[in-house]
Every structure is written in structure tokens, then in C-alpha cells.
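Residue numbers (this note's numbering): 55 to 796.
Glycine is no exception: its CB is placed at the ideal position from the N, C-alpha and C atoms.
As the structure is a computational prediction, the values presented were derived from the model and not from experiment.
Heads up, the thing below is written out as C-alpha cells.
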Amino acid sequence: MDTSVVQFYPTLFVLATDVMDMLGDMVWQRIRQKAEHTEDRKFVSSLPDDFEANSISDDAKETCNNWFSKIGSIRELLPRIYLELAVLPCWRFLVDNPMSSLQRLAMMTRGIADPIALAYCHLYMVHRAQKLPQHDLGYLVTGINDLKFVMMRILSLQETTCIISLADRRLLLSLMEPAIEYMMRCIFKDLNQVQVRDVIVGLGLGKDKSHLFGDCSCISVILHHLLKELPTGLICANAMSILHLIECNIDFSYDQYLNYKLLGLRLCENISRVNEAIALVDKVIQVISCYDRLHEYLEVLDAYVDIVLHNQMHIYLNTILNEIFERLCAKGIDKNALSGLQSFLLKLVTHFDHLEDILSLSHFVDILDVMHGSSRNIINISILRMATRNTCIDDPTIIHFLFEVSQVLHDGTDFSNIRNDENQHSARLISRFVNMVDYGRDFERNLSFLVDCRGAFGDMIELKETLVHSSNLLSIKLMKESSNLFAFAKSCLTFSEVTIAAIPDCFRRFSLYLETAEVALMGGLVSHADGLIDSALCYLQDFDLVDGLRTTNDTEANLSLICKLCNLMIVVPGNVEQGFLDGPKKIFSFLDSQPWMTSKLKIKGMCALISILAAFSQNAIPLQLIPGKVIGNHELIYGDPTCSEEILSFSRAIIEKIVDIVLQEPSQATSGNLALEGCSSIASSFRVRTDILTICSRLLEIAELSLSSDDRYLVSTKNFVNTCQLCCQEDGHLQNSESMTG
């Protein structure tokens, strides 16, 4: 590989200066060792960090002088300077203030003809000067001015007479830039305000301390790194002067638009202190209006848009958006411009509180339509985040706009990887938007919107759940509004039922079936409710552990839904052909067959089934759908000896299962509590006569063996069973007395 080409100079510089640093450190340690020891190598004392030259031994000084004499005998200028810079800290052994040597070396660099060699020599000088305990800024200012002079010569060369092409000259200047950047950083490090002004004057950018950045010339690359390091307060106070300085200095050492951009970014560090903000923005817009390239226009604009928004200069926004749209129409958009446009639009969206204000801006929607990819998604997410801050969205124009935004976001997101945090956030925002849409009393339009959403966002499982909730809420509104709207409410329920079937998650599907069944029952739509309950029961038959619930919270939630299903079965008329206990038996089978379900959860489920059977055995059910129109379970089964026998047989099976579950529980404490829970449920659901009393007594015995005698739950359960037994005995005496009277 040919390392002689100029592009390798920075790499070779790093390698060479690493060696030079090692040499300099070794010489320093050698001389310091001599200063801390006598000639016969006996240790005297350690040198303090702030030692003085008069405390150094003659032997150490002689060694130091020998090194500088040898270096001074080198004929080539550049090696001599580098070697002396490597051992520069050793001047402290000879003089208390080695700054004169640093100034001398800075003057010597003027003999270096190669611009790149000169720049990197200054860079190494600054690097080694950091080893000195203190140093002034004179050599740094001198170095910057020397590099400025060399750069001006390169820039002033005429293309026709110069043997170096424009591309090569650009390359030279770009290779010199790291030296300027590092030198500027070191110049302004820890300076006070007075020193900063002195440096600016020293760099030729001001007549005096009170008149900075006047009519003066500067190299663009030097100006760029100067702006990077200047204090924010000074930049804000002299914004217009600096803007004029940038405008007057145009050369190919650095793109002018980047200096405009940097000025804007620095001003935004403390917007409230920017002087003449209106004049500044007006001038910047005039400047960038001449830019043909969209990405340059946007780069500068993005740096100043915060100033525009902070000062409420909204009058400029339409002008800016018009110019952006013109450039988009003329030349389209590339990757660089897309990034700048994303940043600009994002600031607009986050600034305004209401979407109406954004949509009123000229060409905002047209510009948004041009964007694509991740940039478009980021803007769409920001728009949805802002729009969904409110309680509802009822403006048809805004709803249509947000629907299109959501559709583009949906199409640009891979919702198959929903575990990705960004994808989850997008899904939540779209779902929240759909949930907030409200067309008021235009119920048909509400349902039509939900249908459109189901078609547009078919990949989003979370949204389907939102659609079901919204459709059910719409059904409730229709039922409350008027009985004439029940037919339309049926359409909403049908929409919910179809949507639920497309949700793959078993638990969510089960929960939504029950929710929709409840809504149907509110309006007396028994056929819909019956179908939904049948679908929920099918869930129990198709339950798969892989898709099921593994955590304790999930299993308890699932059982809670099963108890809810039991309650619904009390109200909804059973299917006489399949057997009115077909549903409860399916639940019983499910509870008995699931290995992941704990004993505690099984007992709760069995107790819920006992409650169903207790309700079925009544001659009238407290809760009825539409008396006189919808036949209740009590009318279907009461007085039918076959049904009564089936209830009794099923009750025995459930009670036996409760006892088995209690006996199989390995934990004594848990077994005792489960026995009490089962006992309470049995005693409250059946008359405590001989057979029931036997079972309750057995469960109480298990509890007594497992729990302490003064356990409050145990004591209260005993009292409850005794009370139930007394009530049954009193009922028996009352019936006997009535028969004797008769």
C-alpha cells in the first residue's frame, strides 16, 4: 500500500507522534531521576509537581542541555521542531517559564513550506504544550493566524494558472481542519469573557474589545470552529454581526450553509437571549431562499425553526412551507433532504397543541405525503400522539386525516413483530385514535368507521379488541337512545362477533365474547347472547396450554371470567335439546382437566357451579330478561322431575369433586382454607339436612385438623353451618304444624 499519498498524512502523524511522546516521556523520566539522585545514585528526595529550576542538580541540568544541544544540531527543520516539542516539558529543568521556547518554536514553524506539515506541526505543539503547568495563548493565536495566512494563499490561487486542481486544494484544506479544530478548542478552554474578547481581536475579527465581528475577513473553516467554541452569551449578543460575517466570507474551505446552520444551533442553546430575533430570522430566510438544493435549505432552516416558534413568528411558516413545496415539486426529495424535512416537521408538530393549527398551514399535508419510510412513520407517530391527547375526536376532516395517517403508519410497520417497543407504541396510538373517534348521533357513520378500521388495520390484534369495545359501546348508546334502533344495535353486535372470531389470543377472545353477551342481554337480544355464550364455551373445549395462561394473575383472571360465564348462564335460557346443564357441565369438565389450575382456583370454580345449580332449583329467578316475553330457566325446568333429578345428580358430582380437591391438596393450611370455602358454599346453596350436614361436617373436620381451633374463618364457618341447620329444622316444624292445621 502506498502511504505517500497525502490522505495518509493524519494516520502517519498519529503513529509518529506516539513514538515521539514515548521518547519525550523517557527523557523526562531520565532527567527527573538524575535530579532526585546524587551522582553515586543515592536517592535524595522526590521532585514536587511545582518544582523550580534552581532546585535541579547540575548533573540533571547538564543532561538536559545535552539533549537540547543534540536536537539543535539537526539540520532539517521539521525533525528538529518535532524532537524539541517531544522533550518540551524538559525545559522546566532549566528555566521556570519555558513559554519563550514555545514562542520560538511557533516562529520556527513559519519555515515549513508544506501546508499540511505546518498544520500538523502546530497540532503537535499544542498537544505537547498541555504538559506544561501553565502557558499563555499567544502561541495558539499565532498558530491560527499563520494557518489562516497559508489557507488564504491556497484559496486565492487562480484555477487557470495554478498547477494544483480545485479538488486537490479542497483536499488540502480538509486535511488541515483537524488541527484548526483542536487548536480552537484549546484556545477557548476555561477563558473568561475578557480573555475571549482578547482572543477574538487577536484573530483579527474585531477592531477592539467593544467592536467585535466587524467588517473583516476570515476563512470559512476557521470561522466554523470559532463559532463552535465561542460562549453562547457572546454569540447571542452579536448574532447579526456574526451573520453578516458569515455572509461576507464565502470560500471552498467550508460550505457556507453549514456555518449558517451552526450559528442557528448555537443561538438555540439560549433562545431567550437572542438579540434582534425578527431581523435575524428575516435575513436567514432571505439567504436560504436563494438555495436550489433542498437539503441545504432544510439544514439551515432546521437550525432556526426553534427561534421562529419560540418567538411566535408563525407568519414565516407559510412562506417556508411554500418554498419547501416548490423545491419538492421541482427536484423531488433525496435521503439527506428527507432527514432534514423529518426534523423540521417534527418540531412543527410538537410545537402546536391543536391539530387544526397544523392542518391550516400551507401545503403541510402535501409535504407530508411526499415523505416515506421511517421518517414518515416518526412524523405520523408524533401527529397521533398529539391528536390523542384530547378526550374525543369529532371533527370529520381531522378524523379522515388521522385515518390516513394511521393507515400509512400501519402499512409501514411490521406488526408481526409486535414485541418490538416501537411497534407496540404505534399499535397503541392507532388503537387510541380509533377509540377516541365519536361521530355523535350519526350512529351509522360510527359503525361504518369501525368497519373501515377493521379492513385497514387487519394485522393489529390489539386494534381488533378496541373495535369490539367501541362497537359494544355503540350498541349500548343505541339501546338507550330508542327502541327503534335495536335493529342497528344488532348490526353492531354482529360486527363484534365477527371481529372477535379473528382474534387469535384465546383469553382475549373469551373475555370479549362474554362482554358482548352482556351487552346483548342488556337489550334483551337473547339469540345473540346465546350464540356468544356458545362461542365462549367452545373456547373452553379448544383451550390449549401453549396459548393459555401461565402466570398466577392470568389464571385468576381467566377463572374470574369463568365465574362471570356462570352468572350469565343463570339468566340466559338453556338449550333444552342439548340439556339445560350442558354449559355448566362443560365448565366442570374444563376445571377438572386443566393441570395448570391450582386447587384454590378449582374450588372457586366449583363453588360458582354450585351457585348456578342453586339458582336453577328456585321456582323463580330474581333476575329476568324481559318478563312475559323471554322464557326464563325457572319456567323451563321448575316442576320437571327429570330436570330436578339432573340438578341433584350434577350437584353430587360437584360436591364429591370439592371433597377430592381438598383431600388431594398437600399443604395443610391450604387444605383447611379450601375445606372451609367449599363448606360455606355448600351450606349457603343447599338445605343443611342429613346428607348435606354429613358432607359439611367432614369438611369442617378436615379444616379443624389443618387450622388452629381459634382460627376466625373456622369459627365463623362453624357458626354459619349451625345457623343454616337450625333454619332448616324450623322450616320442617313449620311445615308439620301447617299440615296438622290443615
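Is DSSP giving residue i helix, strand or coil here?
{"i": "Asp636", "result": "helix"}
{"i": "Arg513", "result": "The question names Arg, but residue 513 in the sequence shown is Asp. The answer is coil: DSSP assigns Asp513 none of H, G, I, E or B."}
{"i": "Leu226", "result": "helix"}
{"i": "Leu266", "result": "strand"}
{"i": "Lys337", "result": "helix"}
{"i": "Val711", "result": "According to the sequence as given, residue 711 is Lys; it is not Val. Looking at Lys711 - three-state DSSP - the assignment turns out to be helix."}
{"i": "Ile447", "result": "strand"}
{"i": "Leu599", "result": "Low confidence applies here, because Leu599 scores a pLDDT of 46, under 50, leaving its location unreliable and the question unanswered by this model."}
{"i": "Gly260", "result": "strand"}
{"i": "Val73", "result": "helix"}
{"i": "Ala669", "result": "helix"}
{"i": "Met440", "result": "helix"}
{"i": "Leu191", "result": "coil"}
{"i": "Ala556", "result": "coil"}
{"i": "Ser307", "result": "coil"}
{"i": "Tyr345", "result": "coil"}
{"i": "Ser127", "result": "coil"}
{"i": "Glu377", "result": "helix"}
{"i": "Val775", "result": "helix"}
{"i": "Pro720", "result": "coil"}
{"i": "Gly659", "result": "helix"}
{"i": "Ser536", "result": "coil"}
{"i": "Arg251", "result": "helix"}
{"i": "Phe105", "result": "coil"}
{"i": "Gly466", "result": "coil"}
{"i": "Arg741", "result": "coil"}
If we ignore side chains and look at the alpha-carbon of each, how far apart do residue i and residue j end up?
{"i": "Asn313", "j": "Leu277", "result": "8 angstroms"}
{"i": "Leu575", "j": "Ala583", "result": "6 angstroms"}
{"i": "Ile273", "j": "Ala183", "result": "25 angstroms"}
{"i": "Phe67", "j": "Tyr174", "result": "8 angstroms"}
{"i": "Glu572", "j": "Glu755", "result": "41 angstroms"}
{"i": "Asn365", "j": "Ile374", "result": "16 angstroms"}
{"i": "Cys617", "j": "Ser647", "result": "17 angstroms"}
{"i": "Met230", "j": "Ile170", "result": "6 angstroms"}
{"i": "Val250", "j": "Ile296", "result": "15 angstroms"}
{"i": "Arg430", "j": "Leu402", "result": "14 angstroms"}
{"i": "Leu355", "j": "Lys202", "result": "29 angstroms"}
{"i": "Asp423", "j": "Leu395", "result": "12 angstroms"}
{"i": "Ser529", "j": "Ala541", "result": "10 angstroms"}
{"i": "Ile135", "j": "Leu245", "result": "28 angstroms"}
{"i": "Asn376", "j": "Val419", "result": "12 angstroms"}
{"i": "Lys772", "j": "Thr570", "result": "41 angstroms"}
{"i": "Glu458", "j": "Gln595", "result": "40 angstroms"}
{"i": "Arg482", "j": "Leu363", "result": "29 angstroms"}
{"i": "Ile378", "j": "Ile369", "result": "15 angstroms"}
{"i": "Phe455", "j": "Asp407", "result": "17 angstroms"}
{"i": "Leu781", "j": "Leu728", "result": "According to the sequence displayed, residue 781 carries Cys and not Leu. Cys781 and Leu728: Cα-Cα distance of roughly 25 angstroms."}
{"i": "Leu281", "j": "Arg486", "result": "45 angstroms"}
{"i": "Val488", "j": "Phe511", "result": "11 angstroms"}
{"i": "Phe642", "j": "His523", "result": "29 angstroms"}
{"i": "Glu410", "j": "Val341", "result": "31 angstroms"}
Could you check if residue i is buried or exposed, using at least 16 other CB atoms within 10 Å of its CB as the buried criterion?
{"i": "Leu194", "result": "buried"}
{"i": "Trp145", "result": "buried"}
{"i": "Val73", "result": "exposed"}
{"i": "Ile657", "result": "buried"}
{"i": "Arg563", "result": "buried"}
{"i": "Cys778", "result": "buried"}
{"i": "Ala555", "result": "exposed"}
{"i": "Thr404", "result": "exposed"}
{"i": "Gly197", "result": "buried"}
{"i": "Leu266", "result": "buried"}
{"i": "Ala293", "result": "buried"}
{"i": "Arg86", "result": "buried"}
{"i": "Phe62", "result": "exposed"}
Residues bridged to residue i by DSSP?
{"i": "His91", "result": "Phe97"}
{"i": "Val204", "result": "Val204 is not bridged to any residue."}
{"i": "Val491", "result": "Ile447"}
Hey, is residue i's beta-carbon within less than 8 angstroms of any beta-carbon in chain D?
{"i": "Leu663", "result": "Absence of chain D from the displayed structure is noted, only one protein chain being present."}
>> Within 8 angstroms, do at least three Cβ pairs link the region 493 to 501 to the region 460 to 467?
In response: Touching, no, given that fewer than three Cβ pairs across the two stretches are closer than 8 angstroms.
>> Within 8 angstroms, do at least three Cβ pairs link the region 311 to 328 to the region 349 to 357?
In response: Cβ pair count under 8 angstroms is three or more, so yes.
>> Does the structure place the region 735 to 746 close enough to the region 659 to 668 that three or more beta carbon pairs sit under 8 angstroms?
In response: In short, these stretches touch, since the Cβ pair count reaches three.
> Three or more beta-carbon pairs under 8 angstroms between the region 157 to 171 and the region 74 to 86, yes or no?
Replying inline: No, they do not touch.
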